[in-house]
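Remarks on the structure that follows.
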Amino acid sequence: MRTSFLTAVLLFFCMAFHSCRKNTPPASSSGSYVPFDGKVVISMFETLDSTGAGRHLQLKCHTTQIFGCCNFSLIYSISQTGNTFTIHFDNVYEPEICLTSTGPATATIDLGVLTNNNYNIYVTNGGLNTSVLNVSKQSYIISGITGPVVSYTIDTLMRVPDNTIWGEVCYDSSGVYPALLSSFMDSLNAYGVETVSFAPGDYQYFKLLGSNTFPHDGGCSWSKQFIYRYTGDMAKLKSLVWNYWGLSNKTFYIGIHNDKGYYCMSWYQH
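Position 44 of the sequence shown, counted from 1, bears residue number 1139 in our numbering, the numbering being contiguous throughout.
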């Protein structure tokens, strides 16, 4: 009874404040709404920003219930009052066109650019979850989780520091390729990359063990992963990557990303 009362109060506040937002399908759509069972699983996601507007924290949500189509949407409403976010999961939208592969219903909730502070997060869906989100320059940390409605994939998301580049080189261990790898790493140093110590953890775009060590992801039989501080021109690194792509007869794969969302790969540039 107490949980139902709290849920009703939180929904009232969501309806009462102009900051309330709800994701709804286009008015022209002709799908239907269905209920869902089970929890909602939430993953924290920070966007990278190249415009100076700031990084957004997003909550990537999916139901534990699996549906017959993979394009179902999880319908929610969200309000913010001061440092408190209230999220209510309503139901699931089933579009007219079904992408015929099973999957959960999904939603992405954008909390916007958050200043360093503590935020209360209340989530309702037939019950109430409460938690505290701590935002700092280094990380997002969820703590004090109570209730049966949602679960989080991780409780700490590390934030990619400013002026960071990271990447990987995939190569063949035979022939000229080990020498090419050594030459490429020397070239990075010549372009002014700086070796600094990064805290271990899940940065979402990559994970770090201790001492700037990456867990092996199995993508390449032979690979070299790296992370550096870099304040130089990314266009120079793009040219460097392309030069080594040509030197290797297009069999020496390099990918470099930075904290602003720019990436260059030996076979594709963005």
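Built from N, CA and C at the ideal position, the CB exists for glycine as well. Model, not experiment: these values are computed from the prediction.
CA-to-CA, the gap between serine 1138 and leucine 1206 works out to about 13 Å. The beta carbon of leucine 1332 is closer than 6 Å to those of Ile1351 in its chain, skipping five residues each way along the sequence. With 16 or more other Cβ atoms inside 10 Å of its own Cβ, leucine 1154 counts as buried. Across the structure, valine 1208 and serine 1231 are spaced so that their CA atoms are roughly 12 Å apart. The stretch 1124-1133 and the stretch 1144-1154 do not touch, with fewer than 3 CB-CB distances between them shorter than 8 Å. Phenylalanine 1279 is positioned such that its CB atom lies no closer than 8 Å to that of valine 1291.
With contacts defined by Cβ atoms closer than 8 Å, leucine 1276 and tyrosine 1286 do not form a contacting pair.
In the structure shown, the three-state DSSP call for valine 1291 is coil.
Closest by C-alpha distance to asparagine 1284, out of Asp1257, Tyr1272, Ile1322, is Ile1322. In the three-state scheme derived from DSSP, where H, G and I count as helix and E and B as strand, aspartate 1281 is classed as helix. Taking C-beta atoms under 8 Å as the contact rule, tyrosine 1171 and alanine 1200 fail to qualify, at a distance of about 10 Å.
When secondary structure is reduced to three states using DSSP, glycine 1341 falls in the helix class. Around the beta-carbon of aspartate 1328, fewer than 16 other beta-carbon atoms lie within 10 Å, marking it exposed. Put simply, the backbone Cα of glycine 1198 is about 42 Å away from that of valine 1288. Residue state for tyrosine 1272 is assigned as helix, using DSSP reduced to three classes.
Spatial neighbours of threonine 1241 in its own chain (CB-CB distance under 6 Å, excluding positions within 5 residues in sequence) are listed in chain order as Thr1225. Cβ contact annotation for serine 1246 (same chain, cutoff 6 Å, sequence separation greater than five): Lys1134, Val1136, in chain order. The beta-bridge partner set that DSSP reports for phenylalanine 1180 consists of Gln1175, Ile1216.
Within 10 angstroms of the beta-carbon of isoleucine 1349 lie 16 or more other beta-carbons, which makes it buried. Inclusion of glycine 1126 and proline 1190 in the CB contact set at 8 Å is warranted, their separation being smaller than that value. Within the stretch 1193-1263, the beta strand (DSSP E) runs of at least 3 residues that lie entirely inside it are, in chain order, 1198-1207, 1212-1219, 1223-1230, 1234-1241, 1245-1247, 1251-1253.
Within the DSSP bridge table, the entry for asparagine 1353 names Ile1260 as partners. 8 Å or more divides the Cβ of aspartate 1354 from the Cβ of valine 1271. According to the DSSP secondary-structure assignment, glutamine 1153 is paired through a beta bridge with Phe1140, Asp1205. Spatial neighbours of tyrosine 1298 in its own chain (CB-CB distance under 6 Å, excluding positions within 5 residues in sequence) are listed in chain order as Met1253, Val1255. When the alpha-carbon of tyrosine 1300 is set against those of Cys1115, Thr1119, Glu1141, the nearest one is in Glu1141. When the beta-carbon positions are compared, tyrosine 1188 and phenylalanine 1167 come within less than 8 Å of each other. Relative to the Cα of glycine 1341, the nearest Cα in the group Gln1175, Trp1362, Asn1220, Thr1259 belongs to Trp1362.
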